[in-house]
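Comments concern the structure below.
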Amino acid sequence: MTISIAPALLRTRIAVIDVMRGLVMLIMLFDHVRETVFLHHQVSDPMQVSSVDPALFFTRLAAHVCAPMFVFLTGLSAWLYAHPAAGPRSASGFLFKRGLLLVVLELVFVNFAWSGAFPPAVLYLQVIWVIGLAMMALAVLHQLPLKVLALLGVAIVAGQHLFTHLRAEQGTPGYYLLTVLLQRGFLVADGAMKIKVSYPLLPWIGVILLGYAAGPLYARGRTPEGRRRLLLALGGASLLLLALLRGFNLYGETMPWVAGDSALQTAMSVLNFTKYPPSLDFLLFTLGIGLLGLAWLETLDNWFVRACATFGGAPMFYYLLHLYLLLVIGSVLTSVLGANHGSRYGVEHLWQVWLIALALMPVLYWPCRAFANYKRTSKQAWVRYF
Numbered sequence: 256m257t258i259s260i261a262p263a264l265l266r267t268r269i270a271v272i273d274v275m276r277g278l279v280m281l282i283m284l285f286d287h288v289r290e291t292v293f294l295h296h297q298v299s300d301p302m303q304v305s306s307v308d309p310a311l312f313f314t315r316l317a318a319h320v321c322a323p324m325f326v327f328l329t330g331l332s333a334w335l336y337a338h339p340a341a342g343p344r345s346a347s348g349f350l351f352k353r354g355l356l357l358v359v360l361e362l363v364f365v366n367f368a369w370s371g372a373f374p375p376a377v378l379y380l381q382v383i384w385v386i387g388l389a390m391m392a393l394a395v396l397h398q399l400p401l402k403v404l405a406l407l408g409v410a411i412v413a414g415q416h417l418f419t420h421l422r423a424e425q426g427t428p429g430y431y432l433l434t435v436l437l438q439r440g441f442l443v444a445d446g447a448m449k450i451k452v453s454y455p456l457l458p459w460i461g462v463i464l465l466g467y468a469a470g471p472l473y474a475r476g477r478t479p480e481g482r483r484r485l486l487l488a489l490g491g492a493s494l495l496l497l498a499l500l501r502g503f504n505l506y507g508e509t510m511p512w513v514a515g516d517s518a519l520q521t522a523m524s525v526l527n528f529t530k531y532p533p534s535l536d537f538l539l540f541t542l543g544i545g546l547l548g549l550a551w552l553e554t555l556d557n558w559f560v561r562a563c564a565t566f567g568g569a570p571m572f573y574y575l576l577h578l579y580l581l582l583v584i585g586s587v588l589t590s591v592l593g594a595n596h597g598s599r600y601g602v603e604h605l606w607q608v609w610l611i612a613l614a615l616m617p618v619l620y621w622p623c624r625a626f627a628n629y630k631r632t633s634k635q636a637w638v639r640y641f
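Following this line, the structure appears as structure tokens:
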């Protein structure tokens, strides 16, 4: 039986991916504004529940959804690229070249945007670097059967904790391998420029594989109702498994939760997950919420959803633009108002962070809209990578 789908429905089917991507990018803005003007209230990983302000805790917790969903959607989008209307094709070249570009962007442009110095004193290998390497891994692995990719993704995400006890002497090949794959730390700790791995790679390969394996949910023959039922089931199952594992401190998180002085502190302890590297509980929480969000967003059509789709249609352009805008804002504030927290200017209240982030959204919207329109109409090959 062949199911006929109207063009408008096809646009909705694909557009919701951009909507979710744009939404998590806007949530990310709050966290990056925090790192620009509120860094004097830095949070650890996991956070110190006994000392962190609840508003700051939940602001950071909301931002936890961003990286996992962005990597998951990268895998999902790769499946769509490999399965166009004309028939299946290899995505190896596209994934490898785009992954390599992301690594270069991280090393050069992203690090400068964060530090304002070139070369920086510390070269941080963060989310863009790890997405690039995960895409390069997917370029090789996506030829495997889909069920194998799904099982491999689950095995990596769930099985990573079996190796957390591994240690290697600094300077040995084992140390560098563990640092890149599983254990956040310095690859180069001495010299004019240090190099630090902030995002260990292996769990993120698992996430991108899960995203690719979820691609058939957005196949042309899938009905919207069937897709939403599966998304709700998968998201709900993830959160139920999280409730079991985390509720009884069974498995999946390096730091068990403890009862606090209040119900709020106890709830914060339960929700206090490790991001670097992302624990199983962290990924069950963030991807579970993200899958439910995908099901919900597909039912909506309003100005905010369309604005999110615009941001999500030009993700790398948005990412670089917002980092450089924040670099300028931080420099101007320090020059005009003076450095009141070490070498930079910082605001005193978290609501000011939220206000700045909200004010920047329309500023970022118009250039992103212009670039997204150019991207849709341009025949230049390079724009596909942004």
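For the sequence shown, my numbering assigns the number 641 to the last residue and increments by one with no breaks.
Ideal placement from N, C-alpha and C gives every residue a C-beta, glycine not left out.
The structure displayed is predicted, hence computed values, not measured ones.
For residue i, which option in the options has the closest C-alpha, if you only look at C-alpha atoms?
i, options, result
"residue 436", "378, 444, 445, 422", "422"
"residue 454", "281, 310, 616, 533", "533"
"residue 304", "554, 493, 524", "524"
"residue 384", "405, 290, 460", "460"
"residue 295", "404, 617, 602, 302", "602"
"residue 416", "315, 433, 517, 306", "433"
"residue 621", "607, 362, 573", "573"
"residue 539", "409, 449, 623, 438", "409"
"residue 597", "559, 292, 613, 606", "292"
"residue 501", "537, 402, 427, 412", "537"
"residue 355", "386, 369, 367, 551", "386"
"residue 402", "317, 468, 548, 488", "468"
"residue 393", "428, 343, 329, 431", "329"
"residue 484", "547, 427, 527, 513", "547"
"residue 528", "509, 513, 609, 430", "509"
"residue 318", "306, 444, 279, 345", "279"
"residue 488", "551, 613, 526", "551"
"residue 577", "608, 612, 604, 544", "612"
"residue 378", "323, 560, 443", "443"
"residue 655", "553, 281, 571", "With the chain represented from 256 up to 641, any question about residue 655 goes unanswered, as that position is not in the structure."
Which residue marks the beginning of the alpha helix (DSSP H) containing residue i, and which one marks its end?
i, result
"residue 355", "347-360"
"residue 629", "605-632"
"residue 587", "570-592"
"residue 336", "321-337"
"residue 462", "457-468"
"residue 403", "401-414"
"residue 525", "518-525"
"residue 560", "558-567"
Using only the alpha-carbon positions, how far apart do residue i and residue j sit?
i, j, result
"residue 498", "residue 447", "46 Å"
"residue 493", "residue 327", "14 Å"
"residue 490", "residue 594", "45 Å"
"residue 283", "residue 562", "15 Å"
"residue 425", "residue 339", "47 Å"
"residue 645", "residue 556", "Lying outside 256 to 641, the shown extent of the chain, residue 645 is not represented and no answer is given."
"residue 321", "residue 542", "10 Å"
"residue 599", "residue 589", "5 Å"
"residue 259", "residue 568", "Bear in mind that the predicted position of residue 259 carries a pLDDT of just 37, short of 50, making it too unreliable to give a figure here."
"residue 628", "residue 640", "15 Å"
"residue 302", "residue 438", "18 Å"
"residue 297", "residue 587", "21 Å"
"residue 517", "residue 309", "12 Å"
"residue 520", "residue 619", "36 Å"
"residue 313", "residue 290", "15 Å"
"residue 333", "residue 347", "10 Å"
"residue 631", "residue 428", "45 Å"
"residue 458", "residue 418", "12 Å"
"residue 614", "residue 343", "43 Å"
"residue 558", "residue 564", "10 Å"
"residue 367", "residue 440", "20 Å"
Residue i and residue j look like a contact to me (Cβ under 8 Å); what is the Cβ gap, rounded to whole Å?
i, j, result
"residue 365", "residue 581", "Going by Cβ atoms, the distance from residue 365 to residue 581 rounds to 12 Å, so no, they are not a contact pair."
"residue 380", "residue 450", "7 Å"
"residue 463", "residue 341", "At roughly 24 Å, the Cβ-Cβ gap does not stay under 8 Å, so residue 463 and residue 341 are not in contact."
"residue 315", "residue 273", "The Cβ separation is near 25 Å, so there is no contact."
"residue 412", "residue 535", "6 Å"
The beta strand (DSSP E) that contains residue i, what's its start and end?
i, result
"residue 442", "440-443"
"residue 378", "377-380"
"residue 452", "449-452"
Measuring only from the beta carbon, is residue i closer than 7 Å to any heavy atom that is part of the ligand HEM?
i, result
"residue 269", "Of the ligands one can find in the structure shown there are none, so the ligand HEM has no counterpart to examine."
Legend entry - Cβ pair count under 8 Å reaching 3, the segment 341-358 against the segment 367-374: no
Legend entry - Given 8 Å, three or more beta-carbon pairs between the segment 467-480 and the segment 267-283: yes
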